[in-house]
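Asker: In the order they appear, the protein sequences are chains Z and F.
The UniProt record's numbering numbers the first residue of the first sequence as 1 and each following residue consecutively.
The UniProt record's numbering numbers the first residue of the second sequence as 1 and each following residue consecutively.
Take this structure first; my questions come after.
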Amino acid sequence: FQKKPEMYSVELSGTKNIEKTDKGDGKEKHRDLKSKGWNCRRNHQIQEIKEELNLNDHKLSNEDLENKYGTNIVTGLSSARAANLLARDGPNALSPPKETPEVVKFLKQLVGGFSILLWIGAILCWIAYGIQYSNDPSSSLDNVYLGAVLVLVVILTGIFAYYQEAKSTNIMASFGKMIPQQALVIRDAEKKTIPSEQLVVGDIVEIKGGDQIPADIRLLSSQGCKVDNSSLTGESEPQSRSCDFTDDNPLETKNICFYSTTCLEGAATGMVINTGDSTIIGQIASLASGVGNEKTPIAIEIEHFVHIVAGVSVFIGIIFFIITVSIKYPVLDSIIFLIGVIVANVPEGLLATVTVSLSLTAKRMAKKNCLVKNLEAVETLGSTSIICSDKTGTLTQNRMTVAHLWFDNQIFTADTSEEHSNQTFDQSSGTWASLSKIITLCNRAEFKPGQENVPIMKKTVVGDASETALLKFSEVILGDVMEIRKRNRKVAEIPFNSINKFQLSIHEMDDPNDKRFLMVMKGAPERILEKCSTIMINGQEQPLDQSRAKAFYTAYMELGGLGERVLGFCHLYLPADEFPETYSFDVDTMNFPTSNLCFVGLLSMIDPPRSTVPDAVTKCRSAGIKVIMVTGDHPITAKAIARSVGIISAKSETVEDIAKRLNIAMEQVNKWDAKAAVVTGMELKDMSQEQLDELLANHSEIVFARTSPQQKLIIVEGCQRLGAVVAVTGDGVNDSPALKKADIGIAMGIVGSDAAKNAADMVLLDDNFASIVTGVEEGRLIFDNLKKTMAYTLTKNMAMVLPFMLYTIIEFPLPIATVTTLFIDLGTDIIPFIALAYEKAERDIMNRKPRHKNDRLVNKPLVLYSLLNIGVIVTLGAFVVYFTVYAQAGFRPSALIGLRVKWENNDVNDLEDSYGQEWTRYQRQYLEWTGYTAFFVAIVVQQIANLIIRKTRRNSIFHQGLFSNKIIWVGIASQIIIALILSYGLGSVTTLNCTMLRAQYWFMAVPYAILIWVYDEVRKLFIRLYPGGWWDKNMYY
Amino acid sequence: MRRQHRSRRAPTFPHGYRYRLDDQDEANQNYLADEEEEAEEEARVMGVPNLEEKEKEEEQNEEEEGQGQPTGNTWWQKLQLMNEYLWDPEQRMSLARTGQSWSLILVIYFFFYASLAAVITVCMYTLFLTISTYMPTFTERVKPPGVMIRPFAHSLNFNFNVSEPDTWQHYVISLNGFLQGYNDSLQEEMNVDCPPGQYFIQDGNEDEDKKACQFKRSFLKNCSGLEDPTFGYSTGQPCILLKMNRIVGFRPELGDPVKVSCKVQRGDENDIRSINYYPESASFDLRYYPYYGKLTHVNYTSPLVAMHFTDVVKNQVVPVQCQLKGKGIINDVINDHFVGRVIFTLNIET
């Protein structure tokens, strides 16, 4: 099915040839249609690429090539010309994605979020001073200072946020350092090894098995060269490469090797025809960087919060401005009210601390092997509702392992865990002794030397995947395999090839008295069986009759049905009389018997799931996250792995399963009865967008097999159309568009390509699916905790805005100054914000459904409860303290009402209080500052209670544990200490408007703090008592 | 049951997915939601399928419109959405709440605030029971006493032209008005003549009415306005009255009366050649202290010291500083120009 070019080729190779096939091939057209949305957006770029990809080097003869690139096939380029070309084309490396200039990033921080409001506040301050100055040049500079402070706040928080972001970006920078690749190049008629970055077009390079192709290369000669193009086309089979022009399409022709693919075996010489960004991979990578990066959910939520707060403050500010102006306040006073309302409303320190909270979580996740590139992506994983996961390496261990054995008419299960430690099958049978000998001897894989201290499972092996599996398997069970092989010297060998489908070797016996030879053979089970006439049962050779053959087939089918690769094993003792010690075996003429052998057993291998994955999938399921497997592997294997890790749960059936159970044709089965579905890439190709949507929506367990990386993008888009937040794992270059498109792209840290890592938001350092689950957990936790932070912040807004409003309406001396509100926002509240990020989950957050996009961070109940319930209590409590301070100094509440104008008049220096005492302006001013301090202290005291109640949203605080989060207490201590310093330490600095407060005023608000705590406990109790009831709906945030 | 219901619908109504997700959303928000509610919800969904379909059609239409003119309509759509949010005629909802829901929440909040108000009122009431209405709890903020002068009309700069009565008439009116309470007849009628040179201490409960000492207008002699109704302004010899701010319980320390002394603040000291003080002692007699607060000490009149600037340089601004002098008096606070001193300027034109 790989015959037709995949999506990229459709777009990239705009040759007439392909267009013609398009017309003739409806299906192909359809695919094209599907990717149209994407096409349109990138049309311009694609157009460029189309033009550039008029690649016809594969059609040219060697001579034409030499002319075209001014090179010589034998002697290569001259160093001088190479240097010129290098200067012209730049180094042969993918240019990293375009970075926003640092200045722009910084400026963005200065105008983002609340900054605009604060700028407005600062400008208003200076306007106010301008008016004051024009009236009275000697007026105080307070407003100038306030404006400066606001600007300073904007700049400092901007610098802080910028620094945080830069720090998290730096984590990724460490990734970029790759071991520089070397390329063997012919220049000046000499072979040289140079860093592949210095390659230029026209260079003649030599590649051999194991090398990464250093650039796009047109082959000039090839010796059995095979390349792995999987990262480009998704074909997992090795592709042979020769110097013959076989196809008009450059992607299909055999004489071109592509940059960043690997040469698996053989050797070849080629001419560099494209370097760096102009390579096919380079073009795909630049295409990926063009796919729009969607805003992260948390960014949307925070923006929503900013909009709410900004909206409210602008609304209140404007309304009050109009009211105050219309009741003939001086414009100056109105402006000052406006400043007060804006500054009081804006939680200046919040956004910076949100960044801190996110980076704390990012750090925690990094410890659990999830490296977060984009801070905001920390939360995205928490709201993920669909995970599209790779199979190989992510869900599985990425190594073949012996899973089952069949001998003595019995299937035994081998341990496939990472450690391979306890093999529990019966090893006493004589058959096992023979089987183990075949496994050990009929094997060409070897451990690389010098790994004595490495655990067996981690040793590096030279050899193919199945032989490696067998080698490790036998090493674990039998001990030193190399020693056994030494004792059974190999005298002849036929390696595995695809025609014979078996591998054979002949050995001497380890018993020096036994002069016979042992011939061992392994291969495709049916081919092995054909060659056998006997079968070994319990160590005895038995004739291979009909029933025994049937038993063999049953076992074979069963193991095959598990998606495992099955190998058959047989042996034959060559009699010493016919084959004396000196007998020379000739593998070409096969002068030895290869039939009537003795069948010993079957072994099946699979790339087993990682042991942590089934648990992780279960967790995902209970967390309401749909796990979709997308793999290039066979449907049967994919399905088997999906079953074993629980992506297809034990009870659910696919359409095929139902058909099989009911014994009816697949067409007769109601598609929607099947919970699970296994869809191949070919089926997917034929599906319309609606069909895909239907499929994704109606099956809860889906496995996509035999898909190309490009189809991943289609699947991701389908999921997103359903409104899901999609996480995608990927490693190849071709995954990068899907990774970009996904709400959160997760690249593999070990096997992942750089392009994938660049496109991803997150990197899994251990390539382990289970790490995603811990990421989900952290993401959900931080969302909950940010909710608590927001609720905590909003509460005191009421206590800071309401005084301004009442000050305007009731006209008593100002209860709290604008500067003082800054002490709360930027002083006492900072550590509590961060402390809430350390709060543990209230209950199992992995047992609830993922957050829907409509489930806001700051929702209506949160705003209402914070502002209109707790906020009102805080305000009232603070006012009680305020009134007490004034009353005890001489101004009883009744005297305060309507006092503002006289109170603030600088010429009135004998203002009478409730006791007939007369106050000078400065004495009143000092009392006003005492009022600010008292109001501030009252808010701080109640914020302590507010902080404690925010630890939980539903459970009782005592259930959660009052001391479960030590940082909360650090936060409380910080609040008290900062307040103490402001009052007693800096009480004499008049510009701060703080005074030393009498000790008793510190305790005045305590009853209200207790009231807050009790009220919130009652709220939580009702929520727990009547889940889903009115109270729950309106009071649970 | 619910899932089956969905599955049956889904293939025929592909647009139904949206609703299913919405359902999920509801379930999310109250993920503890009990089965009962789910059943109820389902009943609703099943009971009025037409409504849902109608909505769906509308949405489709909207989508189509949106696709047709992707940019031009967004604001209009937003406005419509907003409008619908404010008042949704179909479901009779305003701000996403029905009338019933609104009344419920208003009632709840009413009770919440009522009880909160009750709690706060009780708190405030008991708190204020502990604060005496007769004596202020703390007086340290209002001490040491401030000083103020009369006449005072918005400004401490006395600019007037002797020959133009319009420029000083308002000072005279102000002083006359201020001294009405000091009229001898009134003082004799209301207040007692207590012995000078000692505190007029009245023991007894704090809620008992206290007597006040007489301070007669005539004490001010030439500045009383009795002989010269223009208080000297007509002759370029202005009278300025100085009073010390009242403070409950304030007693000049060590029994020495507080004296007043004025001089040129900056410049040539000889700009003021002579000042007459009335009473001649230029002091506040001890008998006027202590003050017992306005509730019980009803007729208390602040003692005054009149400064008669009999010979001031004319036609130039003369800054004058009058200070209180005495034990326990502070007159050099940097930030407060009215504690223990007062600064004003005289600019008398002829």
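Just so you know, even glycine gets a beta-carbon here, dropped at the ideal spot from N, CA and C.
All figures in this text were calculated on a predicted structure; none of them were measured in a lab.
Taking its Cβ as the centre, do 16 or more other Cβ atoms sit within 10 Å of Lys167(Z), making it buried, or is it exposed?
Answerer: exposed
Asker: By the criterion of Cβ-Cβ separation under 7 Å, what are the contact partners of Gly890(Z) in chain F?
Answerer: In chain order: Pro136 and Val142.
Asker: Do Ala765(Z) and Leu371(Z) have their C-beta atoms closer together than 8 Å?
Answerer: Correcting the residue type first, residue 765(Z) is Leu in the shown sequence and not Ala. Yes. Within cutoff.
Asker: Just the Cα atoms here: how many angstroms apart are Glu348(Z) and Phe823(Z)?
Answerer: 10 Å
Asker: For Val880(Z), write down the residues that DSSP places opposite it in a beta bridge.
Answerer: None, per the DSSP bridge assignment.
Asker: Report the rounded CA-to-CA distance for Ser61(Z) versus Asp244(Z), giving the unit in angstroms.
Answerer: About 10 Å.
Asker: From Val342(F) to Lys966(Z), what does the alpha carbon distance come to, in whole angstroms?
Answerer: 56 Å
Asker: Return the CA-CA distance between Ile1010(Z) and Lys328(Z), expressed in angstroms with no decimal places.
Answerer: 42 Å
Asker: Could I get the ranges of all uninterrupted alpha helix (DSSP H) runs contained in the segment 314–377 of chain Z, with 4 residues as the minimum, in chain order?
Answerer: Qualifying alpha helix (DSSP H) stretches, in chain order: 331–345 and 350–367.
Asker: So, is Asn335(F) buried or exposed, given that buried needs 16 or more other C-beta atoms within 10 angstroms?
Answerer: exposed
Asker: Mind listing which residues of the segment 675–706 of chain Z have their C-beta closer than 8 Å to chain F's C-betas, in chain order?
Answerer: Glu690, Asp693, Glu694, Ala697 and Asn698
Asker: Compare the C-alpha of Leu794(Z) against each of Asp829(Z), Gly393(Z) and Phe425(Z) and name the closest.
Answerer: That would be Asp829(Z), whose Cα lies nearest to the Cα of Leu794(Z).
Asker: Cβ of Glu811(Z) within 7 Å of any heavy atom in the ligand ZN?
Answerer: Ligands in the displayed structure: none, and consequently the ligand ZN is not present.
Asker: Given a limit of 8 Å on CB to CB distance, which residues of the segment 1014–1033 of chain Z reach chain F?
Answerer: Pro1027, Gly1028, Trp1030, Asp1032 and Lys1033
Asker: Please identify the residue among Asn374(Z), Lys254(Z), Gly224(Z) and Thr262(Z) whose C-alpha is closest to the C-alpha of Asp761(Z).
Answerer: Ranked by Cα distance from Asp761(Z), the options Asn374(Z), Lys254(Z), Gly224(Z) and Thr262(Z) are led by Asn374(Z).
Asker: Are Tyr129(Z) and Val144(Z) closer than 8 Å when you measure CB to CB?
Answerer: yes
Asker: Kindly indicate if chain Z contains any beta-carbon less than 8 Å away from that of residue 374(F).
Answerer: In the structure as shown, chain F begins at 1 and stops at 350. Residue 374(F) is therefore absent and cannot be evaluated.
Asker: Return the chain-ordered list of same chain residues with a C-beta closer than 7 Å to the C-beta of Gly225(F), the five sequence neighbours on each side being excluded.
Answerer: Only Leu175, Asn176, Leu179 and Phe231 meet the Cβ criterion.
Asker: Under DSSP, the alpha helix (DSSP H) around Lys448(Z) begins and ends at which residues?
Answerer: Per DSSP, Lys448(Z) belongs to no alpha helix (DSSP H) and is neither H nor E.
Asker: Taking CB distances under 8 Å as the criterion, tell me whether Asn906(Z) reaches chain F.
Answerer: no
Asker: Since Arg516(Z) contacts Tyr573(Z) with CB under 8 Å, what's their CB separation in whole angstroms?
Answerer: 5 Å
Asker: Measuring only the C-alpha atoms, how far is Phe1022(Z) from Tyr109(F)?
Answerer: As the crow flies, the alpha-carbon of Phe1022(Z) is around 16 Å from that of Tyr109(F).
Asker: Just grab the DSSP bridge partners of Gln410(Z) for me.
Answerer: Paired residues: Phe407(Z).
Asker: Counting only beta-carbon separations shorter than 8 Å, does residue 1042(Z) have a partner in chain F?
Answerer: Since the first residue of chain Z shown is 1 and the last is 1037, residue 1042(Z) is not available in this structure.
Asker: Of all the options Ala999(Z), Asn274(Z), Trp929(Z) and Trp1013(Z), which has the alpha carbon lying nearest to the alpha carbon of Asn993(Z)?
Answerer: Trp929(Z)
Asker: From what residue to what residue does the beta strand (DSSP E) around Met509(Z) run?
Answerer: Taken as a continuous stretch (DSSP letters only), Met509(Z) belongs to no beta strand (DSSP E), as it is neither H nor E.
Asker: Given that Phe128(F) touches chain Z, what residues does it touch there, using C-beta distances under 7 Å?
Answerer: Ala887
Asker: Within 10 Å of its beta-carbon, does residue 1066(Z) have 16 or more other beta-carbons around it, so buried, or fewer, so exposed?
Answerer: Outside the shown range of chain Z, which is 1 to 1037, sits residue 1066(Z), and nothing can be said about it.
Asker: Of all the CB atoms in chain Z, is at least one closer than 8 Å to the CB of Phe338(F)?
Answerer: yes
Asker: Taking the alpha-carbon positions, what's the Ala674(Z) to Phe160(Z) distance?
Answerer: 53 Å
Asker: Under 8 Å between beta-carbons, which chain F residues line up against Gln923(Z)? List them in chain order, please.
Answerer: Arg141, Val142, Gly146, Asp336 and Val339
Asker: Look at the alpha carbon of Asp786(Z) and the alpha carbon of Gly450(Z), and state the distance between them as a whole number of angstroms.
Answerer: First, the amino acid is wrong: residue 786(Z) is Leu here, not Asp. Those two C-alpha atoms are separated by around 52 Å.
Asker: Taking only runs of the alpha helix (DSSP H) that begin and end inside the segment 602–644 of chain Z, which ones reach a length of at least 4 residues, in chain order?
Answerer: Within the segment 602–644 of chain Z, the complete alpha helix (DSSP H) runs of at least 4 residues are 613–622.
Asker: Where do the ends of the alpha helix (DSSP H) carrying Leu129(F) lie?
Answerer: Gly99 to Leu129
Asker: What is the DSSP secondary structure of Gln202(F), reduced to helix, strand or coil?
Answerer: DSSP places Gln202(F) in coil when its eight states are reduced to three.
Asker: For a contact defined as C-beta to C-beta under 8 Å, what are the partners of Ile873(Z) on chain F?
Answerer: Leu116
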